[in-house]
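What follows is a single structure, written as structure tokens, with notes after it.
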Amino acid sequence: MCVSREAFRYNFQFLILTLAVRIWVPAERKRIIATLGLKPGDKVLDHCCGLGGNLSPLCAAIAPGGSVEAMDHSPDMIEASTRLAKRRRLPVTVVQADAMQLPYPDETFDGVMHTGAINQFGDQRQKAMDEILRVTKPGGVIAIQDEGMSEEMTHTRFGKFLIKQNAMFLDPIPTELVPDGVEATVGRVMAGLFYNIVFRKPEIGGQKPEVGDQQPGA
């Protein structure tokens, strides 16, 4: 049977994407988390945890003695993350919750990690960020990653393929979510496919962030 060139190219791109999700993305998540300055004994929130891809590297970063809370709005994501945590025997509590009204007391967490949902919040993004700030301790680290390609990546064949599947890869970096006067590291990760915003909840003032395409820790 003859396979068209277009079908072959699509299947090849899908294979590369599948391998990336299974091998490269977990390694990249681990590398990003390693740059956040988490330490043993910290309490961390995996905000909008999805399928649970951040759980293992977060638990490793705060061991021994730390703990991870994970929340998501989707029952399917909660089920998947709970199953993963049990299978790997991770010290994680997973709950279904609304990102606009988190079920945690003020200043609970030493760090909050968010990957892959804030673009979907639209004009509710600031409200979600306000909740993240509320539950983070002063001086605690906040890291936000979501779709947002570098200019260079948008011109590549792979970049165009991803944009066709999900137009949010064209979203700009929402630096307005960083509190005024706070210094942040703002750049791109995952080969320029995602933006990455990292800052600490204010204790004292800092500087507004500048956008760049540097890799954290590079």
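Those letters in the sequence shown? Residues 374 to 591, per the numbering used here, in order.
The beta-carbon is built from N, C-alpha and C at its ideal position, and this holds for glycine as well.
Could you tell me whether the Cβ atoms of residue i and residue j are closer together than 7 Å?
i	j	result
M541	E520	yes
T488	Q518	yes
L475	E442	no
Y568	I536	no
I451	V562	no
Assign residue i to one of two classes, buried (16 or more other C-beta atoms within 10 Å of its C-beta) or exposed (fewer than that).
i	result
Q587	Caution is warranted here: a pLDDT of 46 is assigned to Q587, below 50, making its placement in the model unreliable, and no coordinate value can be reported.
A400	exposed
T466	exposed
K574	buried
G495	exposed
P413	exposed
G426	buried
When the Cα atoms are used, what is the spatial distance from residue i to residue j?
i	j	result
G410	V514	8 Å
A472	R461	26 Å
Q538	N492	15 Å
L457	T481	24 Å
H420	T529	31 Å
A433	T509	20 Å
K403	P552	26 Å
Contact defined as beta carbons within less than 8 Å: I believe residue i pairs with residue j. What is the distance between those atoms, to the nearest angstrom?
i	j	result
A516	M486	5 Å
G484	V417	5 Å
M502	L566	In fact, because the Cβ distance is near 22 Å, the residues do not count as touching under 8 Å.
T527	L543	7 Å
S440	P464	5 Å
Sort the options by Cα distance to residue i and report the nearest one.
i	options	result
L431	G423, A407, C421	A407
H446	L463, L506, C422, K459	C422
E435	G512, D415, T548, R561	The residue you asked about is not Glu; residue 435 is Ile in the sequence shown. Of the candidates G512, D415, T548, R561, the one whose C-alpha sits nearest the C-alpha of I435 is D415.
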